[in-house]
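For reference, the structure discussed in these notes is given below.
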Amino acid sequence: MDADDETFAPITDEVGANGGDEQRSRRPIISGDHLDIEAYASLYSGRTKIMRLLFIADHSSDEKVGNPSMNLEALRMAYDEIKKGENTQLMREVAQKINGRLGPSYELDSAWCDAVDHRAEQKKEKLDNELNAYRTNLIKESIRMGYNDFGDFYYAHGQLGDAFKSYVRTRDYCTTSKHIVHMCMSVILVSIEMGQFTHVTSYVNKAEQAPDALDSITIAKLRCAAGLANLEAKKYKLAARKFLETNPELGSHYSEVIAPQDVATYGGLCALATFDRTELKSKVIDNLNFRNFLELVPEVRELINDFYSSHYASCLEYLGNLKANLLLDIHLHDHVETLYDQIRHKALIQYTLPFVSVDLSMMANAFKTTVAELQKELEALITDNQIQARIDSHNKILYARHADQRNATFQRVLETGREFDRDVRSMLLRSNLVKHDYNVRQFRKL
Amino acid sequence: MDPLEALVAQIQGLSSTPGDIARLHIILKQADDSLRAESTRLSPVLGQLAPSEHSLGFLYVLDAFTSGQISKQQAETSVPIITGFINACNAEQIRLAPEKCINLCYPIVLVCKRLKDQVMMLEAPIRGAGPLLTAARKLQLSTEHLTPLHSDFLMLCVLAKCYKTGLSILEDDIFEVDQPRDLFLYCYYGGMICIGLKRFQKALDLLHNVVTAPMSTLNAIAVEAYKKYILVSLIHHGQWQLSTSLPKYASSVAQRSLKNFCQPYIELASSYGTEKIAELEAYVQTNTEKFENDNNLGLVKQVVLSMYKRNIQRLTQTYLTLSLQDIANTVQLNSPKEAEMHVLQMIQDGEIYATINQRDGMVRFLEDPEQYKTCEMIENIDSSIQRIMALSRKLSAMDEQISCDQLYLSKVGRERQRYDFDDFDVPTKFNI
């Protein structure tokens, strides 16, 4: 008897409390701290590192979370990274943004720029000559290598359009499927940097059609690229599926594009926003492969588990803490608001689903909001037909409401009958008019 | 003998059998011009003829008598004569039409049109409404036939504001039309009568017929009808979209040009779509003159009112009970009292189902009590089924009729392939 009592009481408390009280043990994983830029940047390499740092620099100046030190830190790291490469355009940009705030060693180094440009000219000439030689010799493999080199050269110098064209040209000279895959991967990389995600999708499809040349790492890379393309196209469900299918061997092999933490975050959030409960359980929570990714971002793991076990308050709290950092992410920036809204709506709908009547004050407690706010949100969801219920505003209770199928059917039938009646009558009338008009014309002709 | 008197004698003599009447018809047509020349001497002649037996003759004489310019006093005397004739005349005799023109201008139609003019001149349109109704019914070949008199009759009803009489003729479905112009006017005035009686669905149907009728050039009636169509759509359905307003079977002329003439109304509709009452009212204020010029201001005011109603109706979907204060706030009314009045009005009109608790200031929304289990409902459904089956039969009959039609076959024959799939010896043209 006692054991039963003990188990009953905490359950009812838990339903109401929804994970909001202090005694829960697995709490201290919240990271409301600002993004550690060095750690973040070390996850990436190549051009994307620079772009991400610049993005952070731009957005940390106007975001509520930003502070000037983060801005400068990002710019400094970007400068250092660019110096290692050969992109003078970006160098000029960064120098302008720094504006002398970081001291004399971080100003526009014109000597370096000129040297790099000069070197670039020479290299370009050399590549050009080589390519022409190969083209006259008509050796497919050399021509392909030539165009590839050109592509790499343009990419390093930031001329993405030309890089894209060069890579695409290698297509005619690819002989094995390995070549095709290599070409696709290069094109995908350039397209992602350019932001043209339609190309990404088409080239991913192309690459996937050559199964024998694909090792698991390449497959994982392709999945990530496809996921990114879907994310940008706002097809969150497809994006989630792609990210979840990525196998953990990816590791840091695709650091020119994406880090495994990102895979976890993007995949987790998109899944949470679009999957229904069964899918969430089977594809995310029970997914062993994806678990490896989730280990890298424990907040996302916690937040998904909380959502699944209906601890909405803590779930929403994690989301709130993550928001600031997610807004600094180059790919997710535009989608954070939408995804968050969708997750919140799903939480509200899922809360009301099992009940015939819900006390709005308890619900407001669970979601850490006021009754008035909650009423507004619920009203929007009901009008949208996402929740089948009605609000008793006087007693502040939400009553589930099930549409009467029989009455609805009768109404529809009568309405269809009326419409048919109207349409056929006007149609007969119109055909009569046309016939009359035609007769008159014929009559006149005769 | 005086040709006039000879004519009178012939009329009196030849009005008994159908053969005689046909001969009389020919004689009268020949004598038409001479009658018109002597219009001044015709009133005693009218006294000699009896409208019910000598209808055809009376009609021709009457036609000649009223053909000239008529002053107000003369109108006073002639209106009763025409009215009397219409009430007493023989329906078959008056349907005989002159074959010379395609436009089928029955003499009776001309006479009635003159009646209408005279009645308007006397500023008593109601005097013409009754007779015209009788005339229309007599002239019709069947209840599905539209005569030119229908539109005149409806116009008089609108002017005289006796909508109920107009409604009786609108209940008939029209399938046969002689002149498209009659149809336009008929539907337009019919729409106005239905709006007056607040039967918005029927008004929408009629106006829809005008707007989607086949026409080669745009006419003013269609433009005016389109304006009213927009307004009634807003009142009845609560929405109106420019892109979907005209279905594909509307004439291309209409689809292209109608909207250019109705700009203020289209903007009104888009303002309505934003669901902000203040904006809507402001727009109406600024454009009052334009609406007034089109005589649509009353309708526009009803549109504004309908917006409140629609907002309240939306509330019934989300709330079970709501305080009057909240209703006033959501629907942007000024006070709970106003909200209460609106809700009360809507309950009385049967537009929502609710109870008002005045003590708490709450309104409780109820479900539609119709259970579809009563005898009346079953009868209703049954009659709808019968009606639709009749319509289907009519549709198939029409389809059969067209496929046997000479013109259709000749056109189809011309357009057929040279060689048919199965056989080789198919004639390339259907020569009938």
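Chains as they are written, first to last, in full-length UniProt numbering: chain A, 1 to 446; chain B, 1 to 432. Glycine included, every Cβ here is placed at the ideal spot set by N, Cα and C. The structure presented is a predicted model; accordingly, all values stated were derived computationally and were not measured.
Which one or two residues does DSSP pair with arginine 364 of chain B in a beta bridge? B/Thr321, B/Thr355
State yes or no: is the beta carbon of asparagine 425 of chain A nearer than 9 angstroms to at least one beta carbon in chain B? First, the residue type needs correcting, since residue 425 of chain A is arginine and not asparagine in the sequence shown. Yes, because at least one Cβ of chain B sits closer than 9 angstroms to the Cβ of arginine 425 of chain A.
Leaving aside the five residues before and after valine 356 of chain A along the sequence, list all residues of the same chain whose C-beta is less than 6 angstroms from its C-beta, in chain order. Ala400
For chain B, is any of its Cβ atoms less than 9 angstroms away from the one on arginine 430 of chain A? yes
Thinking C-alpha only, which one of B/Asp33, B/Pro80, B/Ile82, B/Glu92 is nearest isoleucine 16 of chain B? Residue 16 of chain B is actually serine in this sequence, not isoleucine. It is B/Glu92 whose Cα lies nearest to the Cα of serine 16 of chain B.
Less than 9 angstroms between the beta carbons of threonine 188 of chain A and tyrosine 203 of chain A, yes or no? In the sequence under discussion, the amino acid at residue 188 of chain A is isoleucine, which differs from the threonine named in the question. In this structure, tyrosine 203 of chain A lies closer than 9 angstroms to isoleucine 188 of chain A by Cβ.
Buried or exposed: which applies to glycine 190 of chain B, given that a residue is buried once 16 or more other Cβ atoms fall within 10 Å of its Cβ? buried
What did DSSP end up calling glutamate 38 of chain A once you bin it into helix, strand or coil? helix
Local conformation of aspartate 117 of chain B per DSSP, three classes: helix
Beta-bridge pairing of serine 357 of chain A - partner residues as DSSP gives them: A/Tyr399
For leucine 141 of chain B and leucine 132 of chain B, what's the separation of their Cα atoms in angstroms? 16 angstroms
Beta-carbon of glutamine 317 of chain B versus every beta-carbon of chain A: anything under 9 angstroms? yes
Backbone CA spacing between valine 434 of chain A and leucine 167 of chain B [nearest angstrom]: 27 angstroms
Measure from the C-beta of asparagine 209 of chain B to each C-beta in chain A and report whether the shortest distance is under 9 angstroms. yes
Can you give me the Cβ contacts of cysteine 112 of chain B inside the same chain, cut-off strictly under 7 angstroms, excluding the 5 residues immediately before and after it? Leu132, Ala135, Leu149, Asp152
Under a three-way DSSP split, which group does arginine 101 of chain A fall into? coil
Closer than 7 angstroms by C-beta to leucine 7 of chain B: which residues in its own chain qualify, once you throw out the five before and the five after it? Chain order, please. Ala31
With contact counted as at least three CB pairs below 8 angstroms, one residue from each stretch, are the segment 261–279 of chain A and the segment 234–246 of chain A in contact? yes
Rounded straight-line distance, which links the Cα of cysteine 224 of chain A to that of methionine 185 of chain A: 12 angstroms
Pick from A/Glu107, A/Ala95, A/Gln89, A/Arg101: whose alpha carbon is nearest that of alanine 120 of chain A? A/Gln89
Going by DSSP, which residues form a beta bridge with arginine 52 of chain A? In DSSP, arginine 52 of chain A forms no bridge with anything.
At which residues does the beta strand (DSSP E) containing isoleucine 388 of chain B begin and terminate? Looking at the DSSP string, isoleucine 388 of chain B is not in any beta strand (DSSP E); the run it does join, the alpha helix (DSSP H), is 375–403.
Identify the residues that DSSP records as bridge partners of valine 177 of chain B: which are they? B/Leu146
Taking the beta carbon of alanine 229 of chain A as the centre, do at least 16 other beta carbons fall within 10 Å, making it buried, or is it exposed? buried
Pick helix, strand or coil for arginine 199 of chain B, following the three-state DSSP scheme. coil
Got a sec? Which residues, its chain only, sit under 6 angstroms from leucine 231 of chain B by beta carbon, not counting five neighbours each side? Leu299, Val303
Member of A/Thr265, A/His345, A/Ser282, A/His311 whose CA lies at the smallest distance from the CA of residue 447 of chain A: Since the displayed chain A opens at 1 and closes at 446, residue 447 of chain A lies outside it and no answer follows.
Rounding to the nearest angstrom, what Cα-Cα distance links cysteine 315 of chain A and glutamate 299 of chain A in this structure? 9 angstroms
If you draw a straight line from the alpha carbon of residue 448 of chain A to that of lysine 221 of chain A, how long is it in whole angstroms? Lying outside 1 to 446, the shown extent of chain A, residue 448 of chain A is not represented and no answer is given.
For alanine 37 of chain B, would you say it is in contact with chain A, using Cβ-to-Cβ distances shorter than 9 angstroms as the test? no
Could you give the residue range of the beta strand (DSSP E) that holds aspartate 392 of chain A? 389–392
Which chain B residues sit within Cβ distance under 8 angstroms of valine 434 of chain A? Pro214
Answer with yes or no whether the minimum CB distance from serine 361 of chain A to chain B is below 9 angstroms. no
Can the beta-carbon of glycine 227 of chain A be found less than 9 angstroms from the beta-carbon of lysine 206 of chain A? no
Whole-angstrom C-beta distance between isoleucine 193 of chain B and valine 210 of chain B, which should lie under 8 angstroms: Not confirmed; about 14 angstroms, so no contact.
Is the beta carbon of alanine 339 of chain B less than 9 angstroms from the beta carbon of glutamine 325 of chain B? yes
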